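The structure appears right after this line, and notes come after that.
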Amino acid sequence: MDRMSLRNIILEHQLLPEGRLRELEALSISSGEGLLETVLRGGHLREEVLLPRVGAYLGLEWQSQENYTEGLDAAFYQELPAEVKTLETLLPVRRQGEEAVQVLVADPAQVDMFDQLQNRFGWDARLILASTAQLQKIRTLLENEGALQGALEEVGSARLDDAALEELANEAPIIRLVNLIIMQAISEGGSDVHLEPYEEHAVVRYRVDGVLREVSSYPMQQYPALVSRIKIMANLDIAERRIPQDGRITIKILDREYDLRVASIPLLHGEGVVMRILDKGSINKSLDQLGFSADLLAAMQGQLHRPHGIFLVTGPTGSGKTTTLYAALASILSPESKIITVEDPVEYHLDGISQIHVNPKVGLSFAAGLRSVLRLDPDIIMVGEIRDTETAEIAVRAALTGHLVFSTLHTNDAVSAAARLVDMGIPPYLLASSLNGILAQRLVRKLCEFCKEETSPDETLKGMFQAAGKTAPEVVWRAHGCDECSGSGYQGRVGVYELLEVDAALAALISRNASSEEVRSCFTGRGGQLLHEAGLDKIAAGLSTEEEVLRITQSE
Numbered sequence: 040m041d042r043m044s045l046r047n048i049i050l051e052h053q054l055l056p057e058g059r060l061r062e063l064e065a066l067s068i069s070s071g072e073g074l075l076e077t078v079l080r081g082g083h084l085r086e087e088v089l090l091p092r093v094g095a096y097l098g099l100e101w102q103s104q105e106n107y108t109e110g111l112d113a114a115f116y117q118e119l120p121a122e123v124k125t126l127e128t129l130l131p132v133r134r135q136g137e138e139a140v141q142v143l144v145a146d147p148a149q150v151d152m153f154d155q156l157q158n159r160f161g162w163d164a165r166l167i168l169a170s171t172a173q174l175q176k177i178r179t180l181l182e183n184e185g186a187l188q189g190a191l192e193e194v195g196s197a198r199l200d201d202a203a204l205e206e207l208a209n210e211a212p213i214i215r216l217v218n219l220i221i222m223q224a225i226s227e228g229g230s231d232v233h234l235e236p237y238e239e240h241a242v243v244r245y246r247v248d249g250v251l252r253e254v255s256s257y258p259m260q261q262y263p264a265l266v267s268r269i270k271i272m273a274n275l276d277i278a279e280r281r282i283p284q285d286g287r288i289t290i291k292i293l294d295r296e297y298d299l300r301v302a303s304i305p306l307l308h309g310e311g312v313v314m315r316i317l318d319k320g321s322i323n324k325s326l327d328q329l330g331f332s333a334d335l336l337a338a339m340q341g342q343l344h345r346p347h348g349i350f351l352v353t354g355p356t357g358s359g360k361t362t363t364l365y366a367a368l369a370s371i372l373s374p375e376s377k378i379i380t381v382e383d384p385v386e387y388h389l390d391g392i393s394q395i396h397v398n399p400k401v402g403l404s405f406a407a408g409l410r411s412v413l414r415l416d417p418d419i420i421m422v423g424e425i426r427d428t429e430t431a432e433i434a435v436r437a438a439l440t441g442h443l444v445f446s447t448l449h450t451n452d453a454v455s456a457a458a459r460l461v462d463m464g465i466p467p468y469l470l471a472s473s474l475n476g477i478l479a480q481r482l483v484r485k486l487c488e489f490c491k492e493e494t495s496p497d498e499t500l501k502g503m504f505q506a507a508g509k510t511a512p513e514v515v516w517r518a519h520g521c522d523e524c525s526g527s528g529y530q531g532r533v534g535v536y537e538l539l540e541v542d543a544a545l546a547a548l549i550s551r552n553a554s555s556e557e558v559r560s561c562f563t564g565r566g567g568q569l570l571h572e573a574g575l576d577k578i579a580a581g582l583s584t585e586e587e588v589l590r591i592t593q594s595e
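Quick note: to get this note's numbering, add 39 to the position in the sequence shown (first position is 1).
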């Protein structure tokens with residue numbers, strides 16, 4: 040499509056101010072790419088706004104990605120000659136009947152190429168307009184699906200004994216299949232891979248931004264070989280299917296190293312497997328990259344530079360506690376201080392910090408490790424989790440004897456953490472003397488910057504702001520869905536925090552074993568912000584939505 044025609048479409052429909060369009064035209068010329076791609080790539084216009092109008096002008100159909108990704112024909116794609124698969128602006132995606140074929144086109148000006156394809160293959164083609172970015176994403180989906188299907192076909196469907204399974208698990212097709220599953224999860228930003236067997240089939244699901252979604256399904260006959268390959272990689276016993284097993288895989292993809300924590304468990308129809316993906320590069324975050332407000336960041340810095348005491352981070356599994364603790368340790372790392380951690384497992388390796396991997400099988404528990412650490416002259420100690428009374432008691436003793444101690448605890452909010460430690464058997468007066476602060480946190484999905492839409496707050500949301508003593512914004516944003524976010528409307532996550540700093544008033548309440556309600560009342564009365572109130576700030580800032588904030592804080 041020529042530049043002038045696209046310019047006229049944008050101005051006629053008042054999609055961009057003329058001055059902004061001139062800037063984008065200049066950028067397009069200097070970069071050497073088409074104006075259409077410049078406008079879409081930078082997020083200046085959403086595809087669903089611009090492409091239908093371009094399609095109408097050219098007499099071409101446009102569909103959302105969700106529509107033409109359903110029922111992609113990977114087998115048809117695999118049959119295409121290599122020179123057709125690699126075309127940059129044309130992509131045949133599925134066959135419909137004997138001769139009808141759907142073809143995505145990103146550059147309608149290449150009519151000659153399209154005519155050549157029709158004549159060569161005898162197609163009755165139906166052209167669908169797409170952007171170059173859309174076309175490349177669909178091409179990747181087709182290639183991955185084709186590779187997975189090819190590996191499955193090579194694996195076969197015979198039921199095999201343990202020896203045959205081990206042999207098959209070490210052959211190229213199943214190795215390629217497992218690698219593709221892991222690589223695809225990593226490329227989509229997944230944190231966990233779930234393999235789940237059912238009566239007639241097995242499914243693979245990825246957890247992306249905290250939410251699970253199904254990505255593929257396999258016949259049950261092929262599933263044991265898949266599980267066996269993963270167990271071999273994790274050094275687990277493939278013949279043992281009656282008890283849970285835990286292992287670890289280290290894998291390198293595109294010069295980046297990943298650790299996978301593997302857990303298997305016997306289920307009704309076979310073994311279930313979950314692989315937790317740990318990206319060693321993702322931990323290199325500073326506190327100011329975690330979504331703290333300016334006031335909260337300053338308060339956190341104050342907590343980290345206390346000479347002694349306990350600082351706790353609370354929240355459910357997957358809420359970012361480890362990332363926060365590592366960022367905290369990195370911010371106070373100094374040649375003048377000795378920092379030792381006790382972890383289960385050591386998720387990330389940090390230079391300048393002595394890290395201990397808990398191993399209960401040989402008697403190295405959190406409590407035993409922490410007790411030993413105290414003999415190593417540490418200044419700062421990080422305990423991966425306070426799970427039992429003994430660990431809690433040693434942590435308190437360490438704090439009272441001049442050490443700065445960091446750890447995590449599983450509670451719903453910051454206020455409940457003190458009560459939990461008292462329930463574990465810590466005397467309230469000792470806890471009040473040693474506890475510096477508690478940070479409760481959750482991760483809320485961030486709105487996709489490419490497709491989020493303005494809207495007005497409804498009465499429910501206005502009521503939530505009013506109840507929190509805040510002024511509701513006139514404009515909020517909602518999720519829509521586009522190629523950049525795979526149709527979810529969200530991309531990435533940001534922290535929502537509740538920081539309770541133990542001052543004299545709160546210490547007095549803790550010392551006399553006051554109820555959580557009394558502690559909460561004192562906390563909020565002195566200006567403390569609860570989790571759901573912090574979530575409202577993310578809504579007002581246009582970072583997230585009412586639905587997301589309610590999803591992660593509704594139990595508070």
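C-beta atoms are modelled at their ideal positions from N, C-alpha and C, and glycine is treated no differently.
Remember, predicted model here, so these are calculated numbers, not experimental data.
Option nearest residue i by Cα separation, candidates the options
| i | options | result |
| --- | --- | --- |
| E604 | M463, L478, Q340 and H519 | There is no way to answer for residue 604, as the model of the chain reaches only from 40 to 595. |
| S527 | A145, D334, M259 and S583 | S583 |
| L413 | D427, I379, A113 and G357 | I379 |
| I591 | D576, H571 and K577 | H571 |
| D462 | I549, R559 and I420 | I549 |
| L343 | D248, G330, I221 and L364 | L364 |
| L265 | L415, L216 and I419 | L216 |
| D327 | S560, G286, N552 and A366 | A366 |
| A434 | L336, P399, V397 and V381 | V381 |
| G73 | A145, V88, R345 and E86 | A145 |
| V514 | L79, E498, G508 and C521 | E498 |
| A333 | G309, D576 and I220 | D576 |
| E310 | S373, D276 and A573 | D276 |
| S560 | T450, V454, L130 and L60 | V454 |
| I290 | W162, M272 and Q155 | M272 |
| E239 | A224, R134, S256 and V78 | S256 |
| M152 | A169, Q173, R134 and L130 | L130 |
| N475 | L50, G464 and L545 | L545 |
Distance between beta carbons of residue j and residue i, contact taken as under 8 Å
| i | j | result |
| --- | --- | --- |
| L45 | L84 | The Cβ separation is near 11 Å, so there is no contact. |
| S267 | Q284 | With a Cβ gap of about 12 Å, S267 and Q284 do not count as contacting. |
| S473 | A511 | With 8 Å as the limit, S473 and A511 do not qualify as a contact, their Cβ atoms being about 41 Å apart. |
| G359 | L482 | 5 Å |
| V232 | I214 | About 16 Å; that fails the 8 Å criterion. |
| L336 | L368 | Incorrect: roughly 16 Å between the Cβ atoms, too far for contact. |
| T362 | K400 | Between K400 and T362 the Cβ distance is about 28 Å, and since that is not below 8 Å, they are no contact. |
| L299 | I288 | 4 Å |
| T128 | T77 | Not confirmed; about 16 Å, so no contact. |
Beta-carbon proximity list for residue i, same chain, < 6 Å, skipping 5 on both sides
| i | result |
| --- | --- |
| M43 | none |
| L234 | V243 and V312 |
| L569 | E537 |
| L166 | L99, V142 and V144 |
| R484 | D248, Y529, R532 and E587 |
is_contact[residue i, chain B] using C-beta, thresh 8 Å
| i | result |
| --- | --- |
| I379 | Among the chains of the structure shown, chain B does not appear; only one protein chain is present. |
Sequence-distant residues of its chain with Cβ nearer than 8 Å to residue i (five each side left out)
| i | result |
| --- | --- |
| N552 | V461 and P467 |
| Y237 | M259 and H308 |
| L306 | E235 and P236 |
Cβ neighbours of residue i in the same chain (closer than 7 Å, five flanking residues each side left out)
| i | result |
| --- | --- |
| P56 | none |
| S196 | Confidence at S196 is low in this model, with a pLDDT of 48, below 50, so the placement of that residue is unreliable and no value is reported for it. |
| A580 | none |
| E585 | L500 and I578 |
| R252 | R244 and Y245 |
| R198 | Here R198 scores only 48 on pLDDT, less than 50, and its place in the model is too uncertain to base an answer on. |
| R459 | L448 and T450 |
| T430 | F405, A406, L409 and V422 |
Evaluate the contact criterion for the stretch 525-541 versus the stretch 499-506: three or more CB pairs, one atom per stretch, below 8 Å. Segments in contact, no.
Any chance you could list the alpha helix (DSSP H) runs of at least 4 consecutive residues sitting entirely within the stretch 280-351, in chain order? Correct list: 333-343.
Does the stretch 469-480 come close enough to the stretch 493-500 to have 3 or more Cβ pairs within less than 8 Å? No, the stretch 469-480 is not in contact with the stretch 493-500.
Pair every Cβ in the stretch 257-266 with every Cβ in the stretch 352-369, then say whether three or more of these pairs are closer than 8 Å. In this structure the stretch 257-266 does not touch the stretch 352-369; the number of beta carbon pairs closer than 8 Å is below three.
Measuring CB atoms only, is the stretch 442-452 touching the stretch 416-423, in the sense that at least three cross pairs come out at less than 8 Å? At 8 Å Cβ cutoff, the stretches touch.
Within the stretch 339-408, note down every full alpha helix (DSSP H) run reaching 4 residues or more, in order along the chain. Runs of the alpha helix (DSSP H) inside the stretch 339-408: 360-371.
Complete beta strand (DSSP E) runs within the stretch 486-533 (minimum length 3 residues, chain order): Taking only runs of at least 3 residues, the beta strand (DSSP E) segments lying wholly in the stretch 486-533 are 492-494 and 515-517.
Can you check the stretch 244-283 for any beta strand (DSSP E) of at least 3 residues that lies completely inside it and give the ranges in chain order? Within the stretch 244-283, the complete beta strand (DSSP E) runs of at least 3 residues are 250-258.
Could you pull out every unbroken beta strand (DSSP E) segment of at least 3 residues lying fully inside the stretch 151-184, listed in chain order? Restricted to the stretch 151-184, the beta strand (DSSP E) segments that are unbroken, complete and at least 3 residues in length are 163-168, listed in chain order.
If you scan the stretch 410-452 from start to end, which runs of the alpha helix (DSSP H) of 4 or more residues do you find wholly inside it? Fully enclosed alpha helix (DSSP H) runs of no fewer than 4 residues occupy 428-439 of the stretch 410-452, in order along the chain.
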